[in-house]
Each structure stands twice: as C-alpha cells, then as structure tokens.
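Numbered per mature numbering (1 follows the signal peptide of the UniProt record, and there is no 0), the sequence shown spans residues -18 to -1, 1 to 348. Okay, so here's the structure we're looking at.
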Amino acid sequence: MKLLLVPGFLSFLGLSAAFPRRPFCSSVSINVTAEAANVVFEGLPDRNNATAIIEFLASSFDATRTQHSFQQINGTFTIRATHCRPRIESTNPKSLQLLVHGITYDRAMWSGFGFPQYDWQTYATSLGYHTLAIDRLGHGIESPHPDPFAVVQGPLEVEIIHSLLHTVRQGRSKLGDLNKIIYVGHSYRSSLGNMLAQKHPLDVDAFILTGFSGDLGTSASALSAYGDAAMVSSRFKGLPLGYLTVVNESDRTASFYGGNFDPSFAALDYDTEDTVTVGELLSPGLQPVETDYRGNVLVMTGDLDVLFCPGGPDTCADALRGTESLFSNATFSSVVVLNTGHCLTLHLSAPLVMENAHTWLHGLQH
C-alpha cells in the first residue's frame, strides 16, 4: 500500500493542532555484550593521514558489494540513551519505540533538538508509548569512540541492537515491563533495521523506517562532502581519524533537506552535527537486503530525498513500491512525503509525518 502525505491531512488522533506536554525523560546507560563478523579491509591507509583516509574511502566505496574477509569482534558495550515515559494511561503501556538516529546525528535528533514541532519523543509518549533514543556505537558526546575502521561497523551495530532488545524483553534493562518493540530508524539506521530484520526477524514487532528505500543513490563521488571530523571542527578534537563528518553547511543542507524546511534549523543541524565512520560506510548494513521478516513494516520517505529517491519526485513512489521486495513476507506500507527532503522528521512536514506514523501504529491494534 502506498500513501501520499499531503498538507491538510488530519487523523482521528486529533493531535496535530497542538503540541503535547513534555514527557518524563531520563538519561540511562545499558551494558550489553555482542559479537559480530566485521569486515577486514585490505590496503588500509596511514591512520594519521587525513587525505589518504578520504581517498581510501572513495576508492573502496564501489567495492562494498564484493566479498571480503571477516574477523570476529566482541565485547561489552555501554549504550547511552534517553528513556521517555508516557504521562498518560493508554492502550500501549508495554510498548517501546526504539529510536535509532541516522548518519552524522545522535539521539538528540529524536527530541527535535529542543523544538517541539520536530520532537518524536514527545509525540509518541503523548499516545502512551515509551521511547528509548539511543546513541549508537561511537556516536554522541558522552560515548567512547572505538576503532573507526575495524570496530564501528554495521554488523557489530546490528548485534548490539539485537542484544539490547533481548535485554529489554527479558526485563533486565530497568526500563520496566516492556514486551512490544517498535523499531524506528532513520536513513542508515533504517538500513540497519533492514539488516536486523534479516538476521533476527523475531526481535521487533513493527518497523518504521524513515528516509529509506531499496534504491540507495549514494556513490563514491557523493562522499567528497565528508572529511575527518577532527580536522573539520574543534568539537571533534581528539577523535581518531576515520571518524568523518560533513565539511560544509551547504553540502549538508543539499543532502539532508529539500522543499519545505526552515533554513535556520538546517544551520543549527550543521552546527550540532555528529559523525560517521569509514567502517560504517564500507561494511554490510548500508546496502539493502531481502528478509524473511513476517511482521509489519512502514517506510516513509520524502519525495525530494536525494539519497533514497535518487530519481527525483516522479520516481519516488516506484522506489518505495520496489522496497516491498525486501520484506516480501511482511505486511508492508509506504508513504511518500511531499515537498520534503531526506531528514523528514526535521522538515515542516514533521508533525504530519509523526501523526501518520502513529495512525498506522494505532491501526495495527485493531
């Protein structure tokens, strides 16, 4: 099923006219153990040469679909997160939305960086859901930053999420009795959700994948916008080379925004950007995979998303329709969000995006 989200859409939830009250939120840390087969990259550059690292990334990107050797990476990892609890009694008392941020973001994106019109956490908790917005491995100001080549890769991140969800379902996370899991991902973390559905199809009851499709348009040339974070901003001083970020504000805005958005908010986005590792960009997890997942999947993508609707607005619906093949055994729905770029929850259409997503979730209960 394909829906078109247009201005003026109102659901029976009746929450688009006013922003709900802030939820009860607290910072939490959850320790999990995980093990994964990460890629062993050949011909690694000098780790102290920023130019060589970017050249290695560009020359290696088109080879990400080829076979590599692998090594087992394991350990105990601390996941730092924000847990928000609902203020109201609802029909969703044991439902948790796991909020997983995109490339060069951290968990703050789900709070809309403090702006209520972009705040997914507040919207979800106003309907009775718990939310857990996590900083993924190597991301966030408070988090450690492991090796950006060998350790911070898609396979290990998926296994960390798998272990985290197992911990939550077993009641060992101190988050309460939560036994229904909704995975809400953005961009690359939607891609990781796709990989999670392939490797661990019983982990999640429903997926909401934003800024995603089976038609990834990123090429090696697009990576020219990235540079080693420690060389870009003093905020990243001390980070190992191999942690990357977008160098110029104009490139970031062109990649992540389009259509109806607030330019001053896009500027704030650039000023608070996070990182991505070479390992994440070159390892499994970025490219789409077919799954045997049998639950419910909603994909929501802006028609001006240059990364996941690379053919432009006229072909975006076809791209999302084709994405259903990744979830051929699931109950699949998709939404093309009009006049909206890649980071759709940070556009002026964000309230309608949140409303439509939660209307879909409500429908799963009936």
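Ideal placement from N, C-alpha and C gives every residue a C-beta, glycine not left out.
With DSSP collapsed to three states, give me the class of Q54. strand
Cβ distance (whole Å) where S237 is taken to contact H324 below 8 Å: 7 Å
Taking the beta strand (DSSP E) that S316 falls in, what are its first and last residues? T313 to V319
In chain order, what residues of the same chain lie with their CB nearer than 6 Å to the CB of S(-8), ignoring the 5 residues before and after it? Bear in mind that a pLDDT of 36 at S(-8), under 50, signals an unreliable position, so the number given afterwards is only what the model happens to contain. Excluding residues within five positions, the ones whose Cβ falls inside 6 Å are E337 and T341.
When you compare only the Cα positions, how much space is there between P(-12) and L223? Because the pLDDT of P(-12) is 43, which lies under 50, any placement of that residue in the model is unreliable, and the question is left without a value.
So, at 6 Å on beta carbons, what are the nonlocal neighbours of W92 in its own chain, with the 5 sequence-adjacent residues on each side left out? For W92, where only same-chain residues beyond five positions count, the Cβ hits under 6 Å are L81, W102, Q103 and A115.
Please work out which residues of its chain come closer than 6 Å, Cβ to Cβ, to D197, disregarding the five sequence neighbours upstream and downstream, and give them in chain order. A301
Where does the unbroken beta strand (DSSP E) through T283 begin, and where does it stop? In this chain, the beta strand (DSSP E) harbouring T283 covers N278 to G284.
Kindly list the residues whose CB is nearer than 8 Å to the CB of V288, restricted to its own chain and excluding five residues on each side of it in sequence; keep chain order. G199, A236, S237, G240, G323 and H324
For L326 and D159, I'd like the C-alpha separation in whole angstroms. Spanning the two alpha carbons is a distance of roughly 31 Å.
Selection from V258, L330, G220 and C298 that minimises the alpha carbon distance to R118: V258
List the residues that DSSP assigns as beta-bridge partners of T259. Answer is Y225, bridged to T259.
What are the uninterrupted segments assigned as alpha helix (DSSP H) that are 4 or more residues long and contained completely in the stretch 192 to 216, given in chain order? 211 to 214
My guess is that D187 and K162 are in contact by the Cβ rule of under 8 Å, so how many angstroms apart are they, rounded? Contact between D187 and K162 holds, with the beta-carbon distance rounding to 5 Å and staying under 8 Å.
Report the rounded CA-to-CA distance for S265 versus Y225, giving the unit in angstroms. 14 Å
Report the three-state DSSP secondary structure of G241 (helix, strand or coil). It is a strand residue.
When the Cα of Q347 is compared with those of G209, A40, S77 and F59, which residue comes out closest? S77
Tell me the DSSP secondary structure of H121 in three-state form. coil
Nearest residue (CA-CA) to L174, options R151, P5, I143 and S155: In terms of Cα proximity to L174, the closest of R151, P5, I143 and S155 is I143.
S316, buried or exposed, once every other Cβ within 10 Å from all chains shown has been counted against 16: By the neighbour-count rule (16 or more Cβ atoms within 10 Å), S316 is buried.
Exposed or buried, what is N56 when buried is set at 16 or more other beta-carbons lying within 10 Å of its beta-carbon? Per the 10 Å Cβ criterion, exposed.
Where do the N-terminal and C-terminal ends of the beta strand (DSSP E) with C7 fall, by residue? F6 to V22
For R276 versus Y252, is the C-beta distance shorter than 8 Å? no
If you drop the 5 nearest sequence neighbours on each side, which residues of the same chain put their C-beta closer than 7 Å to that of H127? G120, L221, P222 and Y225
Kindly confirm or deny that the stretch 104 to 111 and the stretch 146 to 155 touch, where touching means at least three C-beta pairs closer than 8 Å. no
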